[in-house]
Amino acid sequence: MIRFGLALMAALFIVASSACGAGLKFIHISGDADNPAIDAAIWSPCTSPPAEVKIGALAMPATPDCPIAGEELPLIIISHGYGGWYLGHHDTAEALADSGFIVVAINHPHANHADMSQANGLGVLIERPADIKRTVDFMLDASPYAGKIDPQRIGFYGFSQGGYTGLVVAGANPDFTKLPPRCSDPKAASCPPAGQVQPPRRQPPPQLLTHDPRIKAVVVADPLSIVFPTVDSVEDVKVPLQLWGSELGGGGGASPENVATLARLLPEKPDFRVVPNAVHLSFLTPCPEMRPSSDACTDAPGFDRVAFHRQFNAAVVAFFRRHLTQR
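First residue of the sequence shown? That's 17 in my numbering, and the numbers climb one at a time after it.
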């Protein structure tokens, strides 16, 4: 385990400032009777100078609809956490695109900040890995960018439930009976009246879970990891994995203890890093100045999220470069 701090400053040269900005596009992956449509954002290498792209309160440096620069590029898929969205890690996506990666961040259908209609059921945890496979399928087979991608160099980044998603895609088999009771959260919706006994969670058959061997390297931050309680649950996770944990925690099922247990159980030793004084939501992109009171923007006293993300993004880029671009 590495205590993440000044020792990693040497990696910052990887995400150096540039006159060029990441290209940015938005796509819609069509659905069918069994699979809802997926909305996604794509960042890509670009040789044109960036503009300031504003979406709501966010202002991002990007070049809209810039032609993708390069050939046979590695692909990274990003999965957000509970209630998140495809721009929740845009600074990390920009850093990767500026370093030569095509990056696709998705909104998980009916389980994102704009539509939480199915976010609280067990079904979303089963469907999340399938969403990733569908996105990879689209990018390699049906997207106009397919010819720019090297199908042998695909990676994944996920936060919280997105981290869980990546672990399952990489081969993990969760035990959903270990999930904390959802209705113990006072904010949970569609719960029975107080005092009414809730039925126990059922463990779905493992064949319902989607694994994807095309994913060759994985980075996860504060993953929902309480559902991986044994060596057996993660024995098939054999890809290179960088695992980040917040020292102070705050994510349900992703406590510092849960994440540390996961690090011990993985069959291949992960690149495990604990971020001092970070809370769970410190992994989200730094917030606009007009939203300092939002829960998603609140860090522990003395924690500099902007400075941390510069270091975090550099380390993530270095990891994916090492495992996806060095042949």
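Don't be surprised by glycine CBs; every beta carbon is placed ideally from N, CA and C.
Problem set entry | Where Q342 sits in the DSSP three-state scheme | Translated into positions along the sequence shown, residue 342 becomes position 326. Correct three-state label for Q342: coil.
Exercise. Taking all protein chains shown into account, do 16 or more other C-beta atoms lie within 10 angstroms of the C-beta of A334, making it buried, or fewer, making it exposed?
Worked result: Position 318 of the sequence shown holds residue 334. So A334 counts as buried.
For this session: Helix, strand or coil for P61, going by three-state DSSP, please let me know.
Result: In the sequence shown, residue 61 corresponds to position 45, counting from 1. Note: P61 maps to coil in three-state DSSP.
Exercise. Roughly how far, in whole angstroms, is the beta-carbon of A270 from the beta-carbon of L225, given that I think they are within contact range, below 8 Å?
Worked result: Translated into positions along the sequence shown, residue 270 becomes position 254. Translated into positions along the sequence shown, residue 225 becomes position 209. Contact annotation, A270 with L225: C-beta distance approximately 19 Å; criterion of less than 8 Å not satisfied.
Problem set entry | Beta-carbon gap between R321 and P292 smaller than 7 Å | The residue given as residue 321 occupies position 305 in the sequence shown. The residue given as residue 292 occupies position 276 in the sequence shown. Not closer than 7 Å, so no.
For this session: State the CB to CB distance for the pair A78 and P65, rounded to an integer number of angstroms; the pair is presumed to be in contact (CB under 8 Å).
Result: Sequence index remark: in the sequence shown, residue 78 carries index 62 (1-based). Sequence index remark: in the sequence shown, residue 65 carries index 49 (1-based). About 11 Å; that fails the 8 Å criterion.
Exercise. So, is V140 buried or exposed, given that buried needs 16 or more other C-beta atoms within 10 angstroms?
Worked result: Residue 140 sits at position 124 when you count from the first residue of the sequence shown. Buried, since its Cβ has 16 or more Cβ neighbours within 10 Å.
For this session: Return helix, strand or coil for L89, following the three-state DSSP convention.
Result: As a working note, residue 89 is residue 73 in the sequence shown. Strand at L89.
Exercise. Can we say the stretch 94-102 touches the stretch 177-191, given the rule of at least three CB pairs closer than 8 Å?
Worked result: yes
Problem set entry | A188 vs L264 beta-carbon contact at 7 Å | The residue given as residue 188 occupies position 172 in the sequence shown. The residue given as residue 264 occupies position 248 in the sequence shown. Here A188 is not near L264, since their CB atoms are 7 Å or more apart.
Exercise. Roughly how far, in whole angstroms, is the beta-carbon of S60 from the beta-carbon of A113, given that I think they are within contact range, below 8 Å?
Worked result: Sequence index remark: in the sequence shown, residue 60 carries index 44 (1-based). Sequence index remark: in the sequence shown, residue 113 carries index 97 (1-based). 5 Å between Cβ atoms; contact.
Problem set entry | Extent of the continuous beta strand (DSSP E) to which K41 belongs | Here residue 41 is taken as the residue at index 25 of the sequence shown, counted from 1. K41 -> beta strand (DSSP E) spans 39-45.
Exercise. When you compare only the Cα positions, how much space is there between Q134 and A127?
Worked result: Within the sequence shown, numbered from 1, the residue matching residue 134 stands at position 118. Within the sequence shown, numbered from 1, the residue matching residue 127 stands at position 111. In a straight line, the C-alpha of Q134 is about 6 Å away from that of A127.
Problem set entry | According to DSSP, residues forming a beta bridge with W260 | Locating residue 260 in the sequence shown gives position 244, where the first residue counts as 1. Partner(s): A237, R289.
Exercise. If we call anything under 7 Å between Cβ atoms a contact, is H296 one with S262?
Worked result: Numbered from its first residue, the sequence shown carries residue 296 at position 280. Numbered from its first residue, the sequence shown carries residue 262 at position 246. Yes.
Exercise. Helix, strand or coil for Q134 per DSSP?
Worked result: Taking the sequence shown and counting its residues from 1, the one referred to as residue 134 is at position 118. Correct three-state label for Q134: coil.
Exercise. Candidates E87, I45, A331: which alpha carbon is nearest V236's?
Worked result: As a working mapping, residue 236 is identified with position 220 in the sequence shown. Out of E87, I45, A331, A331 has the C-alpha closest to the C-alpha of V236.
Problem set entry | For N123 and I165, the rounded distance between their alpha carbons | Translated into positions along the sequence shown, residue 165 becomes position 149. Translated into positions along the sequence shown, residue 123 becomes position 107. Using only the alpha carbons, I get a separation of about 21 Å.
For this session: Return helix, strand or coil for Y173, following the three-state DSSP convention.
Result: In the sequence shown, residue 173 corresponds to position 157, counting from 1. In this structure, Y173 counts as strand in the three-state DSSP scheme.
For this session: Sort A233, I94, D238, P90 by Cα distance to A56 and report the nearest one.
Result: On the sequence shown, residue 56 is found 40 positions in, with the first residue counted as 1. That would be I94, whose Cα lies nearest to the Cα of A56.
For this session: Pick helix, strand or coil for D128, following the three-state DSSP scheme.
Result: Counting from one through the sequence shown, the residue named residue 128 turns up at place 112. In the sequence on display, residue 128 carries Asn and not Asp. Reduced to three states, the DSSP call for N128 is strand.
Problem set entry | Length of the line joining the Cα atoms of T63 and M155 | For the purposes of this step, residue 63 is identified with residue 47 of the sequence shown, where counting begins at 1. For the purposes of this step, residue 155 is identified with residue 139 of the sequence shown, where counting begins at 1. Using only the alpha carbons, I get a separation of about 22 Å.
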